[in-house]
Amino acid sequence: MKVCVFGAGYVGLVTAACMVEMGNSVFCVDIDAARIAGLQSGHLPIHEPGLAEMVLRNAQANRLHFTTDAASAVVYGTIVFTAVGTPAAQDGSADLAHVLAAAATIGGHMLECKFIVNKSTVPVGTAERVRLAAADALRRRTALLPFAVVSNLEFLKEARPSSSRRGRRCAAGRDGVAPVPQPRLRAAAQVDAHAGAVRRPQPVRAAGGGYVGVRVPGHRAGQHRPVACGRR
Ligand SMILES: NC(=O)c1ccc[n+]([C@@H]2O[C@H](COP(=O)([O-])OP(=O)(O)OC[C@H]3O[C@@H](n4cnc5c(N)ncnc54)[C@H](O)[C@@H]3O)[C@@H](O)[C@H]2O)c1
147 MKVCVFGAGY
157 VGLVTAACMV
167 EMGNSVFCVD
177 IDAARIAGLQ
187 SGHLPIHEPG
197 LAEMVLRNAQ
207 ANRLHFTTDA
217 ASAVVYGTIV
227 FTAVGTPAAQ
237 DGSADLAHVL
247 AAAATIGGHM
257 LECKFIVNKS
267 TVPVGTAERV
277 RLAAADALRR
287 RTALLPFAVV
297 SNLEFLKEAR
307 PSSSRRGRRC
317 AAGRDGVAPV
327 PQPRLRAAAQ
337 VDAHAGAVRR
347 PQPVRAAGGG
357 YVGVRVPGHR
367 AGQHRPVACG
377 RR
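Using my numbering, read the sequence shown as starting at 147 and increasing by one per residue.
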């Protein structure tokens, strides 16, 4: 399956590498031109054991591509993962600007049905805002195309890219006008995709983050906010 991943950070790179290891072909797109240039010449901006080998091997085999050309990447991927950053706003809530910008870009360039899969840590209700942002961009083009929004929040272990491949700590729910995406998502990602409302995984992720925060004091200090639903 053809996959597009928005964001070449920790989550985007791991997602892209794991998708391609599972037999998919992937375009990973980022607005950071320096980051993409580095990746194109084999330099990873982050360190995760085993990740560089996975990325370089699949890039050389032409199964994994890095680009700043969002239009081409959107057209390419049937499934479009968004793994862009959600920095904390001044009031501590998640700043969704990147998430909504990615959704608008997808709506602005898609030419056929897409499954928009959110992997960023976002509050409950974000899927609806993503749907509206994509739909608004489609409306501006007077394009009538179906799409679905899927929440696929994941409990990634840092320094363990493989944790993203085993799918034991994934949750997914979907919404939208496109046909049920679970079998396709499952085929692409081998995630433990649960049918049901797109909102469902978001409290699941928040509860999981809260649990880790209680069990591991100082876990990702300064970033972990179990109270604000959806933050890691
Ligand atoms: N790092 C983790 O372990 C982890 C685990 C679970 C969830 N998350 C969540 O995943 C999300 C991403 O985290 P990260 O650590 O990978 O962030 P990151 O900052 O390392 O990477 C985000 C990337 O997205 C890019 N980006 C921003 N806007 C874009 C756009 N419109 N189009 C294309 N690219 C764009 C940025 O340039 C950056 O390279 C966050 O919401 C985070 O909370 C992170």
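Idealized CB from N, CA, C, for every residue including glycine.
What is the rounded straight-line gap between the Cα of residue i and the Cα of residue j?
{"i": "Val149", "j": "Lys260", "result": "10 Å"}
{"i": "Val151", "j": "Asp215", "result": "12 Å"}
{"i": "Val226", "j": "Met147", "result": "11 Å"}
{"i": "Asp282", "j": "Lys265", "result": "21 Å"}
{"i": "Leu284", "j": "Glu258", "result": "11 Å"}
{"i": "Gln236", "j": "Cys174", "result": "30 Å"}
{"i": "Leu185", "j": "Phe212", "result": "7 Å"}
{"i": "Leu242", "j": "Leu278", "result": "13 Å"}
{"i": "Thr251", "j": "Glu199", "result": "30 Å"}
{"i": "Asn170", "j": "Tyr222", "result": "12 Å"}
{"i": "Phe293", "j": "Ile262", "result": "7 Å"}
{"i": "Ser218", "j": "Thr288", "result": "20 Å"}
{"i": "His244", "j": "Ala234", "result": "12 Å"}
{"i": "Thr224", "j": "Val172", "result": "10 Å"}
I think residue i touches residue j, with their Cβ atoms under 8 Å apart; what is that distance to the nearest whole Å?
{"i": "Val220", "j": "Met256", "result": "6 Å"}
{"i": "Ala207", "j": "Asp176", "result": "Not quite, the Cβ-Cβ distance comes to about 21 Å (not below 8 Å), so this is no contact."}
{"i": "Ala280", "j": "Ala240", "result": "Not really, about 19 Å apart at Cβ, beyond 8 Å."}
Are the CB atoms of residue j and residue i within a distance shorter than 8 Å?
{"i": "Ala123", "j": "Leu210", "result": "Coverage of the chain is limited to positions 147 through 378, which leaves residue 123 absent and any answer about it impossible."}
{"i": "Leu246", "j": "Val276", "result": "yes"}
{"i": "Val270", "j": "Thr232", "result": "no"}
Keeping to the same chain, check which residues put their C-beta closer than 6 Å to that of residue i; ignore five residues upstream and five downstream.
{"i": "Leu202", "result": "Gly188"}
{"i": "Thr204", "result": "One point to set straight first is that residue 204 is Asn, not Thr, in the sequence displayed. Here the set comprises Val166 and Leu210."}
{"i": "Gly253", "result": "Ala280, Ala283 and Leu284"}
{"i": "Ile192", "result": "Tyr156"}
{"i": "Arg181", "result": "Ala154 and Pro191"}
Considering only residues of the same chain and omitting the five flanking positions on each side of residue i, which have a CB-CB separation below 7 Å?
{"i": "Leu291", "result": "Met256, Glu258, Cys259 and Leu284"}
Can you find the residues in the same chain that come closer than 8 Å, C-beta to C-beta, to residue i, ignoring five residues on each side of it along the sequence?
{"i": "Leu190", "result": "Leu159, Gly184, Leu197, Ala198 and Val201"}
Quick one: does the C-beta of residue i sit closer than 7 Å to a heavy atom of ligand 3?
{"i": "Asn204", "result": "Of the ligands one can find in the structure shown, namely ligand 1, none is ligand 3."}
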